[in-house]
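> So in full-length UniProt numbering, spot 40 of the sequence shown is number 40, and the numbers just go up one at a time. Built from N, CA and C at the ideal position, the CB exists for glycine as well.
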Amino acid sequence: MANTDAVADFINQNRSLTDVVDSYRGLSESDKHWQHRREFLLRNIARFPERDQLLALSMVWSNHVYSPALHERVTAMAEGIEVCDAPVFKTRDELMQKQKS
1 MANTDAVADF INQNRSLTDV VDSYRGLSES DKHWQHRREF LLRNIARFPE
51 RDQLLALSMV WSNHVYSPAL HERVTAMAEG IEVCDAPVFK TRDELMQKQK
101 S
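Below, the structure is given as structure tokens:
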């Protein structure tokens with residue numbers, strides 16, 4: 001409940017910014033989907049003066065959360081594409097295991 005109150009307070013205090021964010025809602029976005037993506041946008045908008053990147057990140061996040069099937073679909077669509085020099089991330093456990101060796 002406190003999270004909802006914080007978002008409501010932010011919206012009330014930043015009406016013009018909220019109106020801008022509301023203009024980013026997709027025509028086919030459900031109320032539930034939009035509510036969460038909107039919060040993501042509002043929480044991060046100050047960190048991204050370039051709105052296109054923030055909008056792209058919000059779609060990646062929301063589609064990851066709401067549609068695991070979409071992830072499978074795009075993975076299949078990308079079959080055969082070779083990405084060179086992609087970053088490789090190690091978990092904390094992998095790093096700790098390497099130190100023990």
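(1) Give the secondary structure of Met1 by DSSP, where H, G and I count as helix, E and B as strand, and everything else as coil.
(2) Are the beta-carbon atoms belonging to Phe40 and Ser58 less than 7 Å from one another?
(3) Touching or not, the stretch 10–23 and the stretch 42–61, by the rule of three or more beta carbon pairs under 8 Å?
(4) Thinking C-alpha only, which one of Asn12, Arg73 and Arg38 is nearest Leu54?
(5) Helix or strand or just coil, what does DSSP make of Ser23?
(6) From Asn63 to Leu70, what does the alpha carbon distance come to, in whole angstroms?
(7) Taking the C-alpha atoms as reference points, what is the distance between Gln35 and Lys100?
(8) Ala86 to Asn12, Cα distance in whole Å?
(9) By the three-class DSSP mapping on this structure, what secondary structure does Ser58 have?
(10) With H, G and I counted as helix, E and B as strand and the rest as coil, what does DSSP make of Ser16?
For this structure:
(1) Walking along the sequence shown from the start, residue 1 turns up at place 1. Low local confidence applies: a pLDDT of 45 at Met1 is under 50, so the model's placement there is unreliable, with the coordinate-based value given in what follows. DSSP places Met1 in coil when its eight states are reduced to three.
(2) Looking up residue 40 in the sequence shown gives position 40. Looking up residue 58 in the sequence shown gives position 58. Result yes, Cβ atoms of Phe40 and Ser58 sit closer than 7 Å.
(3) yes
(4) Mapped onto the sequence shown, residue 54 falls at position 54. Per the Cα distances, Arg38.
(5) Here residue 23 corresponds to residue number 23 of the sequence shown, with the count starting at 1. Reduced to three states, the DSSP call for Ser23 is coil.
(6) If you number the sequence shown from 1, residue 63 lands on position 63. If you number the sequence shown from 1, residue 70 lands on position 70. Straight-line Cα distance between these residues: approximately 7 Å.
(7) Numbered from 1 along the sequence shown, position 35 holds the residue referred to as residue 35. Numbered from 1 along the sequence shown, position 100 holds the residue referred to as residue 100. Distance between the alpha carbons of Gln35 and Lys100 is about 45 Å.
(8) Numbered from 1 along the sequence shown, position 86 holds the residue referred to as residue 86. Numbered from 1 along the sequence shown, position 12 holds the residue referred to as residue 12. Going from the Cα of Ala86 to the Cα of Asn12 covers about 42 Å.
(9) Against the sequence shown, residue 58 aligns to sequence position 58. Of the three classes helix, strand and coil, the one that applies to Ser58 here is helix, per DSSP.
(10) The count along the sequence shown starts at 1 and reaches residue 16 at position 16. Reduced to three states, the DSSP call for Ser16 is helix.
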